[in-house]
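Protein chains in written order, with this note's numbering: chain F, 1 to 683; chain B, 684 to 1040. Glycine is no exception: its CB is placed at the ideal position from the N, C-alpha and C atoms. A quick note: this is a predicted structure, and the numbers were derived from the prediction, not measured.
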Amino acid sequence: MSPLNDDKDSITSSFYLTKQTSFRIAMKQRIGVYICHCGGNISDYVDVEQLSKLIANEDNVVISKDVMFACSDSTQKDMVQDINDQKLDAIVVASCTPKLHTHTFRNVAIRAGLNPYNYTQVNVREQCSWAHSDKPMDATIKAYGLIRAGINRVKYSEALENIEITAQKAVGVIGAGISGMRAAVDLARMGNHVYLIEKEANVGGRVAESGKLFMTGENGKDVIDRLYKRIKEIPEITVFTNANLDKVSGSIGDFTLEVSVKDEALKLNVGAVLVTTGFDFYQPKEGEYGYKLSDNVITLQQFNKLIETSNDKLVYNGNAIKSVAYIYCVGSRQSKGENKYCSRQCCSAAIHSSLNVHEKFSGVKAFHLYRDIRTYGKQELLYTESSRKGDIYIKYEEKEPPAVEVKNNKTVITVKDYLTYKKELSFDVDLVVLVTGMVPRSDSNDISSKLKIPTGSDRFFNEIHPKLKPVETVIKGVYIGGTCQGPKNITESVQSSLAAASKINTILRKGTLELEPIVARVNAETCLWCEKCAAVCEYDAIKPIESNGKMIAQVNTSTCVGCGICGPVCPSNSIEIVQFTDNEIESMIDGFMEKAEINTKQDSQENEISSGKQIKLNGFPKIWREIASALDDKTLTIPQLSEQLGVESNVLTWHLMTMNRYGVVEPAGLDEDEAYYMYKLKK
Amino acid sequence: MSHINPDFADDITKFGAKDFNLCFNCGNCTAVCSLSTNDATFPREMIRYSTLGLEDEIKSSLKPWLCYYCGECSSDCPRQANPGELMMSLRRWLTATYDWTGLSGLLYKHMSVYIGGMIALLAAVVGFIYYSGLSKEVVMHYGHLFEMFAIAGVFAVILLPNIIRMWYFTVIKPKVKAPIKVYFKALSELFVHMFTQKRFLGCEDTKENRTRWLLHFILVLSYLSLLFTTVFLDWFSTSSTFVIWLGYVESAAIFIITTVFMSMRVRKTDAMHKHSQPSDWFFVIWLFLMGITSFAVRLLIDLNLINTLFWVFTIHFTVLVQWALIIVPFGKWTHFLYRSFAMYFERIIGLNNQLKK
Ligand code: SF4
Ligand code: SF4
Ligand code: SF4
Ligand code: SF4
Ligand code: SF4
Chain F
1 MSPLNDDKDS
11 ITSSFYLTKQ
21 TSFRIAMKQR
31 IGVYICHCGG
41 NISDYVDVEQ
51 LSKLIANEDN
61 VVISKDVMFA
71 CSDSTQKDMV
81 QDINDQKLDA
91 IVVASCTPKL
101 HTHTFRNVAI
111 RAGLNPYNYT
121 QVNVREQCSW
131 AHSDKPMDAT
141 IKAYGLIRAG
151 INRVKYSEAL
161 ENIEITAQKA
171 VGVIGAGISG
181 MRAAVDLARM
191 GNHVYLIEKE
201 ANVGGRVAES
211 GKLFMTGENG
221 KDVIDRLYKR
231 IKEIPEITVF
241 TNANLDKVSG
251 SIGDFTLEVS
261 VKDEALKLNV
271 GAVLVTTGFD
281 FYQPKEGEYG
291 YKLSDNVITL
301 QQFNKLIETS
311 NDKLVYNGNA
321 IKSVAYIYCV
331 GSRQSKGENK
341 YCSRQCCSAA
351 IHSSLNVHEK
361 FSGVKAFHLY
371 RDIRTYGKQE
381 LLYTESSRKG
391 DIYIKYEEKE
401 PPAVEVKNNK
411 TVITVKDYLT
421 YKKELSFDVD
431 LVVLVTGMVP
441 RSDSNDISSK
451 LKIPTGSDRF
461 FNEIHPKLKP
471 VETVIKGVYI
481 GGTCQGPKNI
491 TESVQSSLAA
501 ASKINTILRK
511 GTLELEPIVA
521 RVNAETCLWC
531 EKCAAVCEYD
541 AIKPIESNGK
551 MIAQVNTSTC
561 VGCGICGPVC
571 PSNSIEIVQF
581 TDNEIESMID
591 GFMEKAEINT
601 KQDSQENEIS
611 SGKQIKLNGF
621 PKIWREIASA
631 LDDKTLTIPQ
641 LSEQLGVESN
651 VLTWHLMTMN
661 RYGVVEPAGL
671 DEDEAYYMYK
681 LKK
Chain B
684 MSHINPDFAD
694 DITKFGAKDF
704 NLCFNCGNCT
714 AVCSLSTNDA
724 TFPREMIRYS
734 TLGLEDEIKS
744 SLKPWLCYYC
754 GECSSDCPRQ
764 ANPGELMMSL
774 RRWLTATYDW
784 TGLSGLLYKH
794 MSVYIGGMIA
804 LLAAVVGFIY
814 YSGLSKEVVM
824 HYGHLFEMFA
834 IAGVFAVILL
844 PNIIRMWYFT
854 VIKPKVKAPI
864 KVYFKALSEL
874 FVHMFTQKRF
884 LGCEDTKENR
894 TRWLLHFILV
904 LSYLSLLFTT
914 VFLDWFSTSS
924 TFVIWLGYVE
934 SAAIFIITTV
944 FMSMRVRKTD
954 AMHKHSQPSD
964 WFFVIWLFLM
974 GITSFAVRLL
984 IDLNLINTLF
994 WVFTIHFTVL
1004 VQWALIIVPF
1014 GKWTHFLYRS
1024 FAMYFERIIG
1034 LNNQLKK
């Protein structure tokens, strides 16, 4: 016997009703339950037909059905009809994950005039049929428990309204580098006021400091000048330079940024914040590849300045430079160090610098000491061009880095070349250029603590999900763009900040915004304002308020994310999360633990299905029976069936594939023109 | 510790290499090369050495000679770095390196010197024939004598010392201490390769390759035996019908096969013939001329027209002199010799390694 079958059904529901609570709600009386076959994904292992019969006997359940595809249009229509006809006051859908279909079925409820929060999703696919495909019986028992838990939960469900808040149509952009500037332009064009807040005296950040940029060949300063000119023409953008972000308060739709510009203190009211604070270049340590020990070891940034300011001849410290060694991955990809990541743009940047040297000066030899060349995308052309120009590439490994020494006034490099059987090579060069990577800004901790943006193990700001929510942070209304999030080149930085800009615009556009009401709430009668909950809330969502002559906790519903940390710490059990109340959770446990009495599957579908005129196919769609009788003793193609039954061929294809899976039909070769498959009944 | 020499790339470019800088060391070329073995992998390694300019490594390597330029590697290289052509250029570079006179390098790199030399020899021959006042029979006799002495001289003064140098660079300097008996044991390799070029068959076994090998084989055989026929059997003066016919067949084979090879170069049918250098052209054209003019001279002798059409002999003699004094000692002809010796040395090194084990 399965441990799930423990005898534990003695707890009565009255336990909950007698419990001290100020949010007593009417238990739902007319519940509809839909259990999905998922075209066999579920019903191959979980006996959904039996479950639907058993569930029909549960208290307060008015309808219990097993359906082929719960998410299909026709089933959705049936559900709407059931809700209206049977006056259902809650529904449970037992199918796949809530991630996939919560919105689908909430919309079903809305269409039927039912509050969307009076619906509960139960996952019997990932959690039952897929996870326990080796034990169909146990999978069925587990599904039974989960569905009962869902029914119990939905009994306590409350009708909820989304939280609506008014939003300031203004955005604070922190950092006026290329990402922030470019995003400011778009945000303003979409009708938002933008405060562009820059710490330095000038806008433009790193790009303004760079010379020629790769791929376009433009000058960084020119790009920034153009952009800045455009910004100055847009009245909706207010630029503050020499400005410091002192404090941030408020929440999505209504933040207050306290900014000091020189001696003046400003309070800016914004609906959202875009953080584009950028990065720092890695600073090599003294002695790292001879840095600071030899005058002839400089960083790529210094070298780029040198290329820009030299005319005719490349001269450094009075010496003509005829050979340059570039050492890659300095400060990046440290398998044992802090910066484990690849800085993405430095391979391209170094090769681009080398090409600039060839273009401007003649006869300069280049040695590239690299670990891997990562000139992805179009930047590969730079690498090809540099190879063609005769640049020498030498591959070293992290565990055997090149050594830079000064011998008799010469800068000598020794390196084991992994492309020549680790042969030790030595050569002297006039200049060593360290290709340094990107690191988080030294002041990024300050920003992250003020805005509460989490940082990753690489110390860059973290998005919610790198693929699905790449510019959002866990703090509602705070977005990140550009390199404050991690290494990016200019194109990628601007792409991400523009993505953030349009995200911000979608929330601010209407002037109001709706948030899910799944937040914490306080029982005003019992709360003593002991401050315990406020202390653990990471989102600063709890503040005291006076109520009936005493202080109690108040939750800011627009900042609360419903994380639930506050609930367990409350000594008087006065704070709980909507939709996850004690009543709901405890009743779910009871429902799950209730004894399950399941019959072993005796008459499997195969037995039910018999070909010939009397095809039963009970519990399957009507169309299956029609297809089966059309195919009786015949083989037909999809277009023929479509004509005969008057059903669209794509619908037929889909049903035939499922019937094939169930062993009702099988393909019978191609037709005469070899254009279509023919199908016949499986005997 | 090896020293990088970035200027080597420019140097090797003068010997015909192109685009090998584009190599990104994927190793496809080595993987597809049917002649590369686990003990001797190429051509990627040679490309790497060339990029880094590790001259000592290249100088001591026999690998360039192991390549027969089937062109597989060049057609499979994802970077179009032309590895096959680099191997060819390395052979030219090695020829120049082995040559103690330094003339090979000079002639490879400077077309003007090459053409100047050819013209000077033409002038010398014409001057000798028409202004020395010697009779036609005496001139032809001297021609025969020249052929004999030129062969002996070129071999003793240039080719032999160069082969010794090659041996020094590739066997002695890398400290291969092989006992004499190994040298004898490996000797068969030398002759087999010299006459059959059988290694060529190790390339992709296609119909074209087999035909090419067969043509090549007949050409080598005809060339060597024509040499023998003219020098030792004195073809131009002999009265033996057998020898006369033998000479005809040999010279005809030479000019027919060279015509086929020339048309391949013009049509660039395969990788080997895609990047013809001037030295390649000189080689095949002069070989063709050698065949056709000696055929013509003997024909005129047989028709008793040689005295009236003596200019034909003048041409033949000029071609012969240019062939013997420029193309054989300093040009592509030496590849044939070095390649056979490379197989020989390679075998010695292999046997010696076996012995050590
Ligand atoms: S982009 Fe290149 S140089 Fe930069 S960290 Fe990555 S691999 Fe190293
Ligand atoms: S922990 Fe409980 S009692 Fe204390 S302030 Fe929060 S809600 Fe009130
Ligand atoms: S649920 Fe989380 S975010 Fe909301 S008040 Fe409680 S601790 Fe704060
Ligand atoms: S195939 Fe081309 S790129 Fe690859 S190693 Fe050979 S020459 Fe280099
Ligand atoms: S040309 Fe042919 S034989 Fe020579 S290296 Fe390339 S694949 Fe090998």
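Under the DSSP assignment, B/F883 falls outside any beta strand (DSSP E); it carries neither an H nor an E label. Distances from the CA of F/A675 to each of F/L636, F/R509, F/K683 were compared; the closest alpha carbon is that of F/L636.
By the Cβ neighbour-count rule, B/P726 is buried, with 16 or more other Cβ atoms within 10 Å of its own. C-alpha of B/Y931 to C-alpha of B/F1000: approximately 17 angstroms in a straight line. One thing to note: F/C527 has its Cβ within 8 angstroms of the Cβ of F/I552. Only exposed fits F/G549, as fewer than 16 other CB atoms lie within 10 angstroms of its CB.
F/N269 and F/F281 have their C-alpha atoms roughly 33 angstroms apart. The region 466-484 of chain F makes no contact with the region 134-142 of chain F, as fewer than three CB pairs between them are under 8 angstroms. Residues of the region 706-724 of chain B whose Cβ lies closer than 9 angstroms to any Cβ of chain F, in chain order: C706, F707, N708. Listed along the chain, the chain B residues whose CB falls inside 9 angstroms of the CB of F/I392 are I687, P689, A692, N704, T734, L735, G736.
With its beta carbon less than 8 angstroms from one in chain F, B/M684 belongs to the interface. With respect to F/V474, F/S496 sits apart: the two C-beta atoms are not nearer than 8 angstroms. Residue-level contact check: F/S387 touches chain B, since one or more beta carbons of chain B fall below 8 angstroms from its beta carbon. With respect to the 8 angstroms criterion, F/A184 and F/L196 are classified as neighbours on the basis of their beta carbons. Taking all protein chains in view, the Cβ of B/Y813 is surrounded by fewer than 16 other Cβ atoms within 10 Å, so the residue is classified as exposed.
In this structure, the beta-carbon distance from F/L652 to F/S642 falls below 8 angstroms.
The C-alpha of F/L213 lies about 50 angstroms from the C-alpha of F/R106. In terms of side-chain proximity, the C-beta atom of B/C756 is found nearer than 7 angstroms to a non-hydrogen atom of ligand 5.
A distance below 8 angstroms separates the beta carbons of B/Q960 and B/G699. Contacts with chain B at 8 angstroms (Cβ-Cβ) include F/T384. Assigned with DSSP and collapsed to three states, F/I63 falls in strand.
Closer than 8 angstroms at the C-beta level to chain B, one finds these residues of the region 409-442 of chain F: T414, D417, L419, T420, K423, E424, L425, S426, F427. The beta carbon of F/G377 sits no closer than 7 angstroms to any heavy atom of ligand 5.
Where F/S323 is concerned, there is no enclosing alpha helix (DSSP H), although the beta strand (DSSP E) around it starts and stops at 323-330. If you check the CB distance, F/L425 and B/I687 come in under 8 angstroms. Straight through space, the alpha carbons of F/C563 and F/Y144 are spaced by roughly 28 angstroms.
Counting only residues of its own chain and dropping the five nearest sequence neighbours on each side, F/I490 has a CB closer than 7 angstroms to the CB of I178, V207, L213. With a cutoff of 8 angstroms on beta-carbon distance, F/Y341 and F/P116 are scored as not near each other. When C-alpha distances from B/S962 are compared across B/M771, B/A833, B/V995, B/C709, the shortest belongs to B/M771.
Only exposed fits F/I464, as fewer than 16 other CB atoms lie within 10 angstroms of its CB. For the pair F/V429 and F/A325, the CB atoms are nearer than the 8 angstroms cut-off. Secondary-structure assignment with DSSP links B/L988 through no beta bridge to anything.
Cα atoms of B/V809 and B/G800: separation of roughly 14 angstroms, rounded to the nearest angstrom. The alpha-carbon separation between F/V67 and F/N505 amounts to approximately 41 angstroms. One alpha carbon belongs to F/Y291, the other to F/K285, and they sit about 7 angstroms apart.
When the five nearest sequence neighbours on each side are left out, the beta carbons in the same chain lying within less than 7 angstroms of the beta carbon of B/C712 are those of P726, R727, C756, D759, C760, P766, in order along the chain.
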